[in-house]
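There are 2 protein chains.
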Amino acid sequence: MAYDVYSAECPARAVLDHVGDKWALLVLNRLTQGATRFNALRREISGLSQKVLSQVLKRLERDGLITRQVFATVPVTVEYALTGLGECLTANVGPLLRWAETNMDQIRAAQAEYDRRLAQAA
Amino acid sequence: MAYDVYSAECPARAVLDHVGDKWALLVLNRLTQGATRFNALRREISGLSQKVLSQVLKRLERDGLITRQVFATVPVTVEYALTGLGECLTANVGPLLRWAETNMDQIRAAQAEYDRRLAQAA
DNA sequence: CCGGGCAGTTTCCCTTGCGTAACCTGGTGT
DNA sequence: ACACCAGGTTACGCAAGGGAAACTGCCCGG
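Going down the list, the protein sequences come from chains A and B.
Its first residue numbered 40, the first sequence is counted upward by one per residue in this note's numbering.
Its first residue numbered 40, the second sequence is counted upward by one per residue in this note's numbering.
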């Protein structure tokens, strides 16, 4: 293995900074359902502001994970879609999100238990 | 599916906040190699400060993803290990890190290409 | 007695993330 | 002429993130 994520100098750390981004994960995952327009993404991912969305999209495009295609419709529409590289990444992201949805209850229970014990100790 | 990560109100978003954390991902992944002591983690994950490590560990413990076991040795040693829930999560995290290490080169190339075009346009 | 290792906690402080909201461009309906 | 759509960019400002480094407490070896 040429790279080692445990090393601070490893460029893979930079990738991790992008992947370890809540919004990026959600955007990427949403794009697995097909090419999507800017405002559609904004509407569907609740809590995501215009500014942050445009930043995230720019970063993902720069990383070669998504493509930005402009259509000369009226008004102009812009579609974002996964590249091959992006698809290959989302194959790994999807399970993570599904895990989060599936194991929510156990985590909330663990948190409640932890907080209870902490309160008791104090 | 009871939960929907696209909704801002979904508690799974909270989980995503933890999962979408560079340091947490690295710590979790390191623990798949077995129980590890505090300073061992700190040394092995370069760039990770004491403060951040202790914060991350506390959060992961609260989430029920890792256990903290104190041994009455001299000096006292503390071992962190994955719980069943944690193991099940890392099963999804590992591929992500491996993906980052594997596809680094393609991403760097994409970034260089993007920056080149940007410079040309300006 | 001093330094050093373990396992943290705390303080300081600077950078960044991100929500809010206004503004911009360009074309279209009314 | 005016407002409105899409798709952004920019300015503002707070609050959280996280690095550096000092401090605690305990015990060991030299």
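We treat Cβ as the ideally placed atom computed from N, Cα and C, and that holds for glycine.
In chain B, what lies closer than 9 Å to residue i by C-beta?
i      : result
A/C105 : The amino acid occupying residue 105 of chain A in the given sequence is Ile; Cys does not appear at that position. Within chain B, no residue comes near A/I105; the closest Cβ sits about 10 Å away, beyond 9 Å.
Does any C-beta atom of chain B lie closer than 8 Å to the C-beta of residue i?
i      : result
A/A139 : yes
A/A160 : no
A/G73  : no
A/R101 : yes
A/N142 : yes
A/A111 : no
A/A51  : yes
A/V166 : Coverage of chain A is limited to positions 40 through 161, which leaves residue 166 of chain A absent and any answer about it impossible.
Hey, is residue i's beta-carbon within less than 8 Å of any beta-carbon in chain A?
i      : result
B/E126 : no
B/S85  : yes
B/Q145 : yes
B/Y119 : no
Just to make sure I have the definition right: I need the residues of chain A whose C-beta is within less than 8 Å of the C-beta of residue i. Which are they?
i      : result
B/N131 : N131, P134, L135 and W138
B/L55  : K61, L64, L65, L136 and A139
Taking its Cβ as the centre, do 16 or more other Cβ atoms sit within 10 Å of residue i, making it buried, or is it exposed?
i      : result
A/N142 : buried
B/A139 : buried
A/L136 : buried
A/D144 : exposed
A/L157 : exposed
B/V66  : buried
Give the residues of chain B in contact with residue i, contact being defined as C-beta atoms less than 7 Å apart.
i     : result
A/S46 : S85
List, in order along the chain, the chain B residues whose C-beta lies closer than 8 Å to that of residue i?
i      : result
A/Q150 : R101, D102 and G103
Would the beta-carbon of residue i be found less than 7 Å away from any heavy atom of the ligand PLP?
i      : result
A/N131 : Inclusion of the ligand PLP in the displayed structure is not the case, the ligand content being empty and no account of it being possible.
Task: Touching by the beta-carbon criterion (3+ pairs, under 8 Å), the region 99-111 of chain A and the region 54-73 of chain A - done: Yes, the region 99-111 of chain A is in contact with the region 54-73 of chain A.
Open item on the list: So, does the region 103-120 of chain B touch the region 144-155 of chain A, judging by three or more C-beta pairs under 8 Å?
Closed with: yes
Open item on the list: So, does the region 122-131 of chain A touch the region 74-86 of chain A, judging by three or more C-beta pairs under 8 Å?
Closed with: no
Open item on the list: When you compare the region 42-50 of chain B with the region 49-58 of chain A, are there three or more beta-carbon pairs, one atom per stretch, that lie closer than 8 Å?
Closed with: Not touching, per the Cβ criterion.
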